[in-house]
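The structure appears below as structure tokens.
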Amino acid sequence: MHRRDFVRSLIAAVVASKGMVGQQAARQQLPIAAPVPWTLGLNPKTPIPQTVVAEGIAEAKLRFFTAPQMESMKRLCDLLMPAMGGKPGAVEAETPQFLDMLIGESPESRRKIYAGGLDWMEAESQKKYKLPFSKLDDGQATALLKPWLRTWMSDHPPVESHADFVNVAHDDIREATFNSEAWAESLAASTHEGTPTGVYWSAVDPETHGTGPSPKPHVQAAKGAAKMPMYPR
Amino acid sequence: MKSEVFDVLIVGSGHAGGMATKVLTEKGIRCLMLNAGPVADVSRDTARKPAYELPYRGFRPPGRLEHVFQSNEFNANVWVDEQEVPYTFDPAHPYNWVRVRLFGGRSLFWSRQSFRLSDYEFKAKSHDGFGEDWPISHADLAPFYSRVEEIFQVAGALDGPPQMPDGNFVLDDDPWTPSMQRFIAAATPKGMPVCKQRRAMGRDGLASSVNLLLPDAEKTGKLTSIANAVVRKLTVDKNTGLLNGCVFIDRHTLQEMSVKARVVVLAAGTLESTRLLLNSGLANSSGVMGHYLMDQIYGAGLVASVPEARGGKGKGIMGGAAIVPRFRNISTKSEKFLRGYAFNVTSSTGGVGARNFAAFGAELQQKMEEYHGSAFYMGIMGEVLGRRENHVRINPGKVDAWGIPVLHVETKYTDNEYNMAKDAVDAATQVVESAGFEVLSTNAVPNPPGYSIHEVGTCRMGDDPKASVLNKWSQSHDHKNLFVVDGAAFTSAGWQNPTMTILALSMRASEHLAEEMGKLNI
Ligand SMILES: Cc1cc2nc3c(=O)[nH]c(=O)nc-3n(C[C@H](O)[C@H](O)[C@H](O)COP(=O)(O)OP(=O)(O)OC[C@H]3O[C@@H](n4cnc5c(N)ncnc54)[C@H](O)[C@@H]3O)c2cc1C
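Line by line, the protein sequences are chains A and B.
Read in order, the letters of the first sequence correspond to residues 2 to 234 in the working numbering.
Read in order, the letters of the second sequence correspond to residues 32 to 553 in the working numbering.
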């Protein structure tokens, strides 16, 4: 490179870099889009949006029961746990829809009890009354089911066919109804059963050091253990 | 740091590991505790919620924890996930393995019933010829039981017959309620002793290693603990044949790591200790390891109602709890089974469950209201015999989330246990009927093995190294610097809940270990 060219290129470089500095300065003068880091706004005083349980609002697509089975299930719920004493019944508590989801997700053995039981109930109804179970009146439905009711102790429901379905379904219907939002809302009326609330354990994972009052062993993470990410990814 | 050799490595942070840690660190011994799971912090990890806010309205989340009958949606996250740490069994003979890997293990959630074993258990073979005697007697363990009872603040009365030795109790001198008096009057002529329940009160209702044991160890400055450290294998010095540490895997990163120690104390909760030893190929010159898995039969019993307490009249009649210690095969001999069972007895002021009435709708509601506050419960805790064929072994074809081969559990109850359950229901029915109570429901079928959460045995102790894994100090016959201080050491199960005995054995073994280390014998 000739000396003159070298000097020219040097001057050009200086001019170019001055220009860049000028641009950066101009950028820095622009107002910052978010002057406070957004995470600071998330603190214990941040309003929490109020939500409701979807069940009470939305229509669930059937997942396990067939449409006729769902009709039978609704009738069964209404018979075994009707609305009483200012308390919602199983139908008002959306228990049939809840059980459709629960049983649909359950292991085969439980699904079999329900599917087989509902089909048996329907067949019995047709045989005895020439009507679908969903159309039976209380007297007819009671006559069909009562002979299969048993007393039993926890973890040992009856194992004999039909009695297994009737008693397990009765138990599930009751529990699902007591544990429903509709039941919770009706608590004002007198009853021995309140709404079950409990201490819910979230997953204790990954482990972080808490600050609560309970005695905690002092533990160190194994070297190389993953650092807890600040926000779930 | 990496070259640091600890005096003692302790695997597990529950009752067994917590007690070993307390005793050893208080004697100035430097301990490293490894625990497979994280630390639970109630203020961070729990919240009070109504069931309807949970996806399954409080029902056990389907497909998860199928063998943890005690679980529900509220507590589903505290138990070991069966997919994460699976185990296998013949589907015809299921096993309920109920595990907690949080720091503190099952001591965070136990029901705190606290009994000593008696010489009817320690010397069971001498009494009826079955199985093996323990190499220790109640007299050997009594001083340790007393100290454990002090730490755990066990409440009870000094009313035990020889088969349920009394202890160092916070005395319960509450009078029996009239319903319990009626029960006692009916039970006594039938040879059933009725005693006050015995329960650890701990502190603030918690009787856990995290509040009663580990804080003392931490105070000494001699304890280092690592959470989320899943021990995969114990390591051995090839020259001496002695254990020298372990390999563990970080639960989150799957990073494999190793640590060194002069002594290893296993307290991983019976079957996990045995699994670790089997996976390490150690301490089994006898071939007995994994065998003689035992527990207690649960689930059989009855629900009754005290007629005078119905219709809202239960106040002043109902309330109180009792234990009927084993009464069969003490001074008489049953034709149908060896050993015996106890009853947990409760006179309740609460509701009577709907399952106790063959009714529904308005009729059921009316019954439940009428019977409210009149329920009387009797439930069995029956001894399961130690049989060689009831065992665990490694299933080389299946691994857990950290690539560690899992256990296969092969165990089933026999006629001895089934006959015992039937006898219990008959005996319970007779006594409540003669007390004038109405029986509402009964069940004579035991829950699956494991359900009691009292699994013991599989590394039993004994004097003969050919017929046992551990000696009377819970020390391996094969490696003198290996101790197993949890329920794996049990030679027989007894009817009693095992935790007081686990704690006393761990305390005794740890004091012996400290003494031997002091003398440079280990
Ligand atoms: C609901 C419930 C009620 C109970 N009620 C009673 C009762 O009334 N009376 C009674 O006597 N007993 C009762 N028990 C049983 C009692 O809890 C146990 O006997 C006792 O807690 C066992 O203590 P442990 O230290 O041997 O085992 P655990 O408490 O199981 O502790 C073992 C520890 O080892 C750790 N671990 C396991 N594997 C590994 C590994 N590979 N690497 C590192 N760490 C590992 C685990 O993380 C765990 O924390 C009950 C249990 C439960 C769950």
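Virtual Cβ for every residue (Gly too), placed ideally from N, Cα, C.
Check: Run through DSSP, which three-state label would K291 (chain B) get?
Finding: strand
Check: By how many angstroms is the C-alpha of G330 (chain B) removed from the C-alpha of G49 (chain B)?
Finding: 30 Å
Check: Which residues in chain B sit within 8 Å of R76 (chain A), going by Cβ to Cβ distance?
Finding: Within chain B, no residue comes near R76 (chain A); the closest Cβ sits about 13 Å away, beyond 8 Å.
Check: Can you tell me whether DSSP reads H422 (chain B) as helix, strand or coil?
Finding: strand
Item checked: Under the three-state DSSP convention, the category G213 (chain A) falls into -> Here G213 (chain A) scores only 38 on pLDDT, less than 50, and its place in the model should not be relied on; the value that follows carries that caveat. Residue state, collapsed to three classes: coil.
Note to self: Cutting at 8 Å between CB atoms, please list the residues of its own chain near A26 (chain A), excluding the five before and the five after it.
What the structure shows: Per-residue confidence for A26 (chain A) stands at a pLDDT of 46, beneath the threshold of 50, marking its modelled position as unreliable; no derived number is given.
Next item on the list: Could you check the C-alpha separation between R130 (chain B) and V516 (chain B) for me, to the nearest Å?
Entry: 17 Å
Check: Does the stretch 165 to 174 of chain B come within contact of the stretch 135 to 150 of chain B, defined as at least 3 CB pairs closer than 8 Å?
Finding: yes
Notebook entry, point to check: Who pairs with T266 (chain B) in a beta bridge, going by DSSP?
Noted result: B:G276
Check: DSSP state of P436 (chain B), grouped into three classes?
Finding: strand
Next item on the list: Please name the residue in B:V70, B:K53 and B:A71 whose C-alpha comes closest to that of L554 (chain B).
Entry: Residue 554 (chain B) lies beyond the stretch modelled for chain B, which goes from 32 to 553, so this question has no answer here.
Checklist line | Sequence-distant residues of its chain with Cβ nearer than 6 Å to D164 (chain B) (five each side left out) | finding: K154, K156 and S157
Margin query: Any beta carbon of chain B sitting closer than 9 Å to that of L145 (chain A)?
Written below: no
Notebook entry, point to check: If you measure beta-carbon to beta-carbon, which residues of the stretch 149 to 166 of chain A are closer than 7 Å to chain B?
Noted result: L150, R151, T152, W153, M154, D156 and H157
Notebook entry, point to check: What number of angstroms, rounded off, separates the C-alpha of R28 (chain A) from the C-alpha of V53 (chain A)?
Noted result: In this prediction, R28 (chain A) has a pLDDT of 49, which is less than 50 and means its spatial position is unreliable; what the coordinates show is noted afterwards. Their backbone Cα atoms lie some 46 Å apart in a straight line.
Check: Using the rule of at least 16 other Cβ atoms within 10 Å of the residue's Cβ for burial, across every protein chain shown, is S317 (chain B) buried or exposed?
Finding: buried
Note to self: Quick check on the burial criterion: 16 or more other C-beta atoms within 10 angstroms. Buried or exposed for D79 (chain A)?
What the structure shows: buried
Next item on the list: For V476 (chain B), go through chain A and note every residue whose CB falls closer than 8 Å to its CB, in chain order.
Entry: H157
Check: How would you call N270 (chain B), buried or exposed, if buried means at least 16 neighbouring beta carbons within 10 angstroms?
Finding: exposed
Notebook entry, point to check: Given that Q184 (chain B) touches chain A, what residues does it touch there, using C-beta distances under 9 Å?
Noted result: Ordered by position in chain A, no residue passes the 9 Å Cβ test against Q184 (chain B), which lies about 16 Å from the chain.
Notebook entry, point to check: Is the Cβ of G86 (chain A) closer than 9 Å to any Cβ of chain B?
Noted result: yes
Notebook entry, point to check: So, does the CB of G199 (chain A) fall closer than 9 Å to a CB anywhere in chain B?
Noted result: yes
Margin query: Quick check on the DSSP output: the beta strand (DSSP E) that includes F214 (chain B) runs from which residue to which?
Written below: Counting along the chain, F214 (chain B) falls outside any beta strand (DSSP E), though it belongs to the alpha helix (DSSP H) covering P209 to A218.
Notebook entry, point to check: With respect to 8 Å, is the separation between the Cβ of F279 (chain B) and the closest non-hydrogen atom of ligand 1 below this value?
Noted result: yes
Item checked: K113 (chain A) versus K88 (chain A) - alpha carbon distance -> 31 Å
Check: Could you give the distance in angstroms between the alpha-carbon of F554 (chain B) and the alpha-carbon of D494 (chain B)?
Finding: Nothing can be reported for residue 554 (chain B), as the shown portion of chain B is limited to 32 through 553.
Checklist line | Three-state secondary structure (DSSP) of D38 (chain B) | finding: strand
Notebook entry, point to check: Cβ of V36 (chain B) within 9 Å of Cβ of W202 (chain A)?
Noted result: no
Next item on the list: Taking only beta carbons into account, state which residues of the stretch 311 to 340 of chain B come closer than 8 Å to chain A, listed in chain order.
Entry: G330, G332, L333 and V334
Margin query: Residues of chain A with CB closer than 9 Å to the CB of P554 (chain B), please, in chain order.
Written below: Nothing about residue 554 (chain B) can be reported from this structure: the residues present for chain B run from 32 to 553 only.
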